[in-house]
Amino acid sequence: MGKKRGNRAGFWFFRTSLKLFGLSGAYALLYPVCLYYLIFDRHAVSTAMTYVKRRFRSYNIFRRICAVYKLFVSQGKNLIDRYYHVAGLGQFDVELRGYDRIKSLLSNSQKGFILLTAHVGNWQASMTALKKLNKTVYLLMTPEENAAVKNTLNIGNEKDKAKIISPEKFLGGILEILKVIDEGNIVSIMGDRSYGHNSARVSLLGGKANLPVGAFSIATALKCSVVVLLPAKVSSRKYIIDVSHVITPRCSSKSGKEEEIRALVQQFARILEEYAVQYPFQWFVFSDIWEGEGE
């Protein structure tokens, strides 16, 4: 089990700082905190470095360490924004790109779709932006075990905004997922970590990475679309939520199903790579999805 980061004292400190000094003040406090993690949290640095090495191949070791530090700060800002949002301390300007396309998907089919994302950006802001679809969004995610994180970031308490399907349920929650999509709703699934489940080896950032196939296996079976959700923080008060990329399984033949699913995963990998190029410090993968590949 991975080390749990974040405790009540730490969240109280940032929560109080937000109320007293606002976003900019809370952001400023991140720099020494992230420096502490850079120096003392070897696991966090090591997992972040697996991404940094591939995204910044020309960097020397010093520049790579600086990039890891910037990645920590960026993630910290996103976490602060999440609390700022769920606590009702203020709102962000959210630009939703691709809304008309997914609205059309829902209008032309009785089924819902899979919302495929990665460990990027602020998913609370994304859920707020998607409320205008008037559909319930179900998040496939393991319940947060760290009580301090759960209570502070309001995880699992989204009420009408979103609901959670736990992969720890019978058959990994698949029966509930099928029911939800058949009823015309949306299921959000993370697509950049396999957590030991079936994966496909695809090209990503100049190497071969393992990305989970689950979302595309479900979409192929249900004949529904996969909409890629990629939020990005573009300023202290603005997010862009991109849902313009839609991947549609062809469902051609049973014999070629495995290769077809791998091709769909590769298509997602290309989209994810484009995101990493445009927003290099907003993909918090923190896992060696390139494991087994030579340097």
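Take any residue in the sequence shown, note its place counting from 1, add 130, and you have its number in my numbering.
Beta carbons: idealized from backbone N, C-alpha and C, even for Gly.
None of the values given here were measured: they were computed from a predicted structure.
| field | Collapsed DSSP secondary structure at aspartate 322 in the structure displayed | value | Reduced to three states, the DSSP call for aspartate 322 is coil.
| request: Could you check the C-alpha separation between arginine 194 and lysine 309 for me, to the nearest Å? | output: 45 Å
| message | According to DSSP, simplified to helix, strand and coil, what is glycine 152? | response | helix
| said: Please tell me whether isoleucine 391 and valine 343 are closer than 7 Å, where the distance is taken between their beta carbons. | reply: yes
| task | Taking 8 Å as the threshold, find out whether the region 213-233 comes into contact with the region 250-265 through three or more Cβ pairs. | result | As far as the Cβ criterion goes, the region 213-233 touches the region 250-265, which means the pair count is three or higher.
| Anyone know if the C-beta pair for alanine 399 and valine 332 falls short of 7 Å? | yes
| Residue interval of the beta strand (DSSP E) (run including isoleucine 295) | Here the beta strand (DSSP E) through isoleucine 295 covers 292-295.
| valine 373 to leucine 153, Cα distance in whole Å? | 27 Å
| said: My output table needs one value for lysine 134: the three-state DSSP class, helix, strand or coil. | reply: The predicted position of lysine 134 is uncertain, since its pLDDT is 48 and thus under 50; a value taken from the coordinates is nonetheless stated next. Three-state DSSP puts lysine 134 in coil, outside helix and strand.
| Should proline 162 be labelled buried (16 or more other beta-carbon atoms within 10 Å of its own) or exposed? | exposed
| query | Alpha carbon to alpha carbon, how far is threonine 247 from isoleucine 169? | reply | 30 Å
| With C-beta atoms as the reference, is valine 357 less than 7 Å away from valine 376? | yes
| Whole-Å CB distance - leucine 431 paired with valine 267, under 8 Å assumed | The displayed coordinates of the chain run from 131 to 425. Any statement about residue 431 would go beyond what the structure contains.
| query | Measuring CA to CA, which of Lys241, Ser176, Ile419 and Ser204 is closest to glycine 326? | reply | Restricting attention to Lys241, Ser176, Ile419 and Ser204, the CA atom closest to the CA of glycine 326 is found in Ile419.
| Local conformation of serine 329 per DSSP, three classes | strand
| task | Tell me threonine 247's beta-bridge partners as DSSP assigns them. | result | DSSP output for threonine 247 lists Met320 as bridge partner(s).
| request: Have a look at the DSSP bridge pairing and note the partners of asparagine 252. | output: Per DSSP, none; premise fails for asparagine 252.
| query | So, helix, strand or coil for serine 365, using DSSP? | reply | Shown here, serine 365 sits in a strand according to DSSP, grouped into three states.
| request: Please report the Cβ distance between serine 256 and proline 361, rounded to the nearest whole angstrom; I am assuming they are in contact, meaning their Cβ atoms lie under 8 Å. | output: 5 Å
| task | Please state if the CB of tyrosine 167 and the CB of phenylalanine 202 are separated by a distance shorter than 7 Å. | result | Yes, they are a contact pair.
| task | In angstroms with no decimal places, state the Cα-to-Cα distance between serine 417 and asparagine 340. | result | Rounded to whole angstroms, the separation of the alpha carbons of asparagine 340 and serine 417 is 11 Å.
| Test item: CB-CB of isoleucine 371 and alanine 259 under 7 Å | yes
| said: Per the DSSP calculation, arginine 227 is bridged to which residue(s)? | reply: Asp372
| Between the CA atoms of serine 188 and glycine 304 - distance to the nearest angstrom | For the record, residue 304 in the displayed sequence is isoleucine; it is not glycine. Going from the Cα of isoleucine 304 to the Cα of serine 188 covers about 42 Å.
| proline 162, DSSP secondary structure in three states | helix
| request: Return the CA-CA distance between glutamate 404 and glutamine 412, expressed in angstroms with no decimal places. | output: 12 Å
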